[in-house]
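Under this note's numbering, the first residue of the sequence shown is numbered 628, with each subsequent residue one higher. No residue lacks a Cβ here, since even glycine has one placed at the ideal position from N, Cα and C. Here the structure is a predicted model, which is why all the values come from computation and not from measurement. Beneath this line is the structure, given in C-alpha coordinates, with notes to follow.
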Amino acid sequence: MLFKDFLTPAIALLGLGFGLWQYWRTSKREFEKPLREAQLQLYREATATAAILATEPRGSTKWKQSLADFHRLYFGPLAMLEDFKHDVGANELTVEEAMIVFKAVLDQADQDKKLRNLSLALAHTCRESLGRSWGVRMSALEGNKDYLPIAVAERDKIKKTKFNRAAAVAQKAG
(Lines of atoms letter the chains of each structure in order from A and count residues from 1; the text may use other names and numbers.)
(Lines give C-alpha, C1' and ligand atoms only; values in the text may rest on other atoms or scores of the structure.)
Protein backbone atom coordinates (compact mmCIF):
# COMPACT_ATOMS: atom_id res chain seq x y z
CA MET A 1 0.00 0.00 0.00
CA LEU A 2 2.83 2.39 0.79
CA PHE A 3 4.33 1.69 -2.64
CA LYS A 4 1.00 2.55 -4.38
CA ASP A 5 0.73 5.76 -2.40
CA PHE A 6 4.18 6.80 -3.57
CA LEU A 7 3.96 5.54 -7.16
CA THR A 8 0.86 7.48 -8.25
CA PRO A 9 2.16 10.94 -7.27
CA ALA A 10 5.60 10.10 -8.70
CA ILE A 11 4.07 9.21 -12.07
CA ALA A 12 1.94 12.37 -11.99
CA LEU A 13 5.03 14.49 -11.25
CA LEU A 14 6.98 12.82 -14.04
CA GLY A 15 4.11 13.45 -16.46
CA LEU A 16 3.91 17.10 -15.38
CA GLY A 17 7.68 17.50 -15.73
CA PHE A 18 7.67 15.94 -19.17
CA GLY A 19 4.78 18.17 -20.26
CA LEU A 20 6.58 21.29 -19.04
CA TRP A 21 9.78 20.23 -20.78
CA GLN A 22 7.89 19.67 -24.06
CA TYR A 23 6.18 23.06 -23.72
CA TRP A 24 9.53 24.80 -23.11
CA ARG A 25 11.15 23.01 -26.06
CA THR A 26 8.28 23.86 -28.43
CA SER A 27 8.23 27.49 -27.27
CA LYS A 28 11.96 27.78 -27.84
CA ARG A 29 11.65 26.36 -31.36
CA GLU A 30 8.78 28.69 -32.18
CA PHE A 31 10.81 31.67 -30.94
CA GLU A 32 13.88 30.63 -32.93
CA LYS A 33 12.04 29.81 -36.17
CA PRO A 34 11.74 33.40 -37.50
CA LEU A 35 15.32 34.12 -36.41
CA ARG A 36 16.59 31.07 -38.31
CA GLU A 37 14.58 32.02 -41.40
CA ALA A 38 15.93 35.58 -41.28
CA GLN A 39 19.46 34.23 -40.79
CA LEU A 40 19.10 31.98 -43.84
CA GLN A 41 17.82 34.87 -45.97
CA LEU A 42 20.67 37.15 -44.88
CA TYR A 43 23.23 34.42 -45.54
CA ARG A 44 21.80 34.05 -49.05
CA GLU A 45 22.05 37.80 -49.62
CA ALA A 46 25.60 38.00 -48.24
CA THR A 47 26.91 35.11 -50.30
CA ALA A 48 25.19 36.33 -53.49
CA THR A 49 26.56 39.83 -52.94
CA ALA A 50 30.07 38.54 -52.24
CA ALA A 51 29.91 36.37 -55.38
CA ILE A 52 29.00 39.37 -57.54
CA LEU A 53 31.82 41.44 -56.00
CA ALA A 54 34.23 38.58 -56.66
CA THR A 55 33.21 37.98 -60.27
CA GLU A 56 31.96 41.24 -61.83
CA PRO A 57 34.40 43.85 -63.16
CA ARG A 58 35.26 46.43 -60.48
CA GLY A 59 33.47 49.68 -61.06
CA SER A 60 30.64 48.25 -63.17
CA THR A 61 27.11 49.28 -62.25
CA LYS A 62 26.31 45.81 -60.92
CA TRP A 63 29.53 45.75 -58.89
CA LYS A 64 28.84 49.19 -57.35
CA GLN A 65 25.30 48.16 -56.37
CA SER A 66 26.64 44.97 -54.84
CA LEU A 67 29.24 46.95 -52.91
CA ALA A 68 26.46 49.09 -51.44
CA ASP A 69 24.48 45.94 -50.62
CA PHE A 70 27.53 44.33 -49.00
CA HIS A 71 28.12 47.40 -46.81
CA ARG A 72 24.44 47.47 -45.85
CA LEU A 73 24.62 43.81 -44.78
CA TYR A 74 28.04 44.22 -43.12
CA PHE A 75 27.13 47.25 -41.02
CA GLY A 76 23.52 46.31 -40.37
CA PRO A 77 21.27 43.27 -40.52
CA LEU A 78 23.87 40.53 -40.90
CA ALA A 79 25.73 41.76 -37.81
CA MET A 80 22.55 41.07 -35.85
CA LEU A 81 22.15 37.42 -36.92
CA GLU A 82 25.61 36.25 -38.06
CA ASP A 83 26.17 33.34 -35.72
CA PHE A 84 24.19 32.13 -32.77
CA LYS A 85 27.11 30.03 -31.55
CA HIS A 86 30.70 31.20 -31.64
CA ASP A 87 32.28 27.92 -30.56
CA VAL A 88 34.45 27.25 -33.58
CA GLY A 89 38.03 26.03 -33.53
CA ALA A 90 41.12 28.08 -34.25
CA ASN A 91 41.25 26.80 -37.83
CA GLU A 92 37.59 27.56 -38.49
CA LEU A 93 35.70 30.78 -39.09
CA THR A 94 32.52 32.35 -37.89
CA VAL A 95 30.37 34.17 -40.44
CA GLU A 96 31.38 37.41 -38.73
CA GLU A 97 35.07 36.67 -39.31
CA ALA A 98 34.44 35.61 -42.91
CA MET A 99 32.65 38.92 -43.57
CA ILE A 100 35.47 40.93 -41.94
CA VAL A 101 38.11 39.12 -43.98
CA PHE A 102 36.15 39.57 -47.21
CA LYS A 103 35.71 43.29 -46.55
CA ALA A 104 39.39 43.75 -45.71
CA VAL A 105 40.46 42.18 -48.99
CA LEU A 106 37.67 43.96 -50.88
CA ASP A 107 39.09 47.28 -49.70
CA GLN A 108 42.46 46.38 -51.30
CA ALA A 109 43.08 46.78 -55.03
CA ASP A 110 43.88 43.90 -57.39
CA GLN A 111 42.71 41.08 -55.15
CA ASP A 112 40.09 39.54 -57.47
CA LYS A 113 41.37 35.94 -57.28
CA LYS A 114 41.58 36.12 -53.51
CA LEU A 115 38.07 37.62 -53.39
CA ARG A 116 36.70 34.64 -55.32
CA ASN A 117 38.21 32.23 -52.79
CA LEU A 118 36.99 34.35 -49.87
CA SER A 119 33.51 34.53 -51.38
CA LEU A 120 33.44 30.74 -51.45
CA ALA A 121 34.84 30.60 -47.90
CA LEU A 122 32.03 32.92 -46.77
CA ALA A 123 29.40 30.74 -48.45
CA HIS A 124 30.79 27.55 -46.91
CA THR A 125 31.09 29.23 -43.50
CA CYS A 126 27.44 30.34 -43.71
CA ARG A 127 26.43 26.78 -44.54
CA GLU A 128 28.36 25.37 -41.56
CA SER A 129 26.95 28.09 -39.31
CA LEU A 130 23.42 27.09 -40.30
CA GLY A 131 24.20 23.52 -39.36
CA ARG A 132 25.58 24.56 -35.96
CA SER A 133 22.78 27.05 -35.31
CA TRP A 134 20.04 24.61 -36.22
CA GLY A 135 21.71 21.72 -34.40
CA VAL A 136 22.04 19.70 -37.61
CA ARG A 137 25.12 17.54 -37.95
CA MET A 138 25.18 16.41 -41.55
CA SER A 139 28.14 16.01 -43.83
CA ALA A 140 26.10 17.83 -46.49
CA LEU A 141 26.40 21.01 -44.41
CA GLU A 142 30.17 20.82 -44.07
CA GLY A 143 31.96 23.43 -46.12
CA ASN A 144 34.74 22.81 -48.59
CA LYS A 145 37.91 22.99 -46.52
CA ASP A 146 40.04 24.17 -49.49
CA TYR A 147 38.95 27.80 -49.03
CA LEU A 148 39.12 27.87 -45.25
CA PRO A 149 42.93 28.15 -44.86
CA ILE A 150 42.97 31.21 -47.14
CA ALA A 151 40.30 32.94 -45.05
CA VAL A 152 41.86 31.88 -41.72
CA ALA A 153 45.27 33.21 -42.81
CA GLU A 154 43.70 36.55 -43.80
CA ARG A 155 41.80 36.70 -40.50
CA ASP A 156 44.99 36.07 -38.53
CA LYS A 157 46.84 38.73 -40.56
CA ILE A 158 44.06 41.25 -39.80
CA LYS A 159 44.11 40.39 -36.09
CA LYS A 160 47.88 40.75 -35.98
CA THR A 161 47.73 44.14 -37.73
CA LYS A 162 45.06 45.40 -35.32
CA PHE A 163 47.09 44.14 -32.35
CA ASN A 164 50.23 45.88 -33.62
CA ARG A 165 48.34 49.14 -34.15
CA ALA A 166 46.83 48.95 -30.66
CA ALA A 167 50.27 48.27 -29.16
CA ALA A 168 51.78 51.25 -31.01
CA VAL A 169 49.02 53.55 -29.77
CA ALA A 170 49.47 52.30 -26.21
CA GLN A 171 53.22 52.79 -26.45
CA LYS A 172 52.79 56.39 -27.65
CA ALA A 173 50.32 57.11 -24.87
CA GLY A 174 52.60 55.60 -22.21
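Tell me, to the nearest whole angstrom, how far the beta carbon of S756 is from that of V722; I am working on the premise that it is less than 8 Å. Confirmed, Cβ separation roughly 5 Å.
Cut-off 8 Å between Cβ atoms - residues of its own chain near L745, not counting five sequence neighbours on either side: Excluding residues within five positions, the ones whose Cβ falls inside 8 Å are A677, A681, A725, V728, F729, V732, Y774, I777, A778 and E781.
Cβ-Cβ distance between L669 and L705 below 7 Å: In contact: L669 and L705 (Cβ atoms closer than 7 Å).
Residue from A673, S760 and I679 whose Cα sits closest to the Cα of D739: Taking only the C-alpha atoms, the option nearest D739 is I679.
Would you say E672 and L708 are within 7 Å of each other, going by their C-beta atoms? It is not a contact, given that the beta carbons lie outside the stated cut-off.
Straight-line gap, Q666 to K689 (C-alpha atoms, nearest Å): Spanning the two alpha carbons is a distance of roughly 24 Å.
Closest by C-alpha distance to D734, when choosing among H698, T752, G716 and S760: Out of H698, T752, G716 and S760, H698 has the C-alpha closest to the C-alpha of D734.
Exposed or buried, A637, counting other C-beta atoms within 10 Å across all chains shown (16 or more means buried)? Exposed is the call here.
Can you tell me where the alpha helix (DSSP H) holding R754 begins and where it ends? R754: member of the alpha helix (DSSP H) spanning D739 to W761, first to last residue.
Collapsed DSSP secondary structure at G703 in the structure displayed: Note: G703 maps to coil in three-state DSSP.
So what does DSSP say about P684, is it helix, strand or coil? P684 carries a coil assignment under DSSP once its states are collapsed to helix, strand and coil.
Is it right to say T788 is buried, meaning 16 or more other beta carbons lie within 10 angstroms of its own, or is it exposed? Result: exposed.
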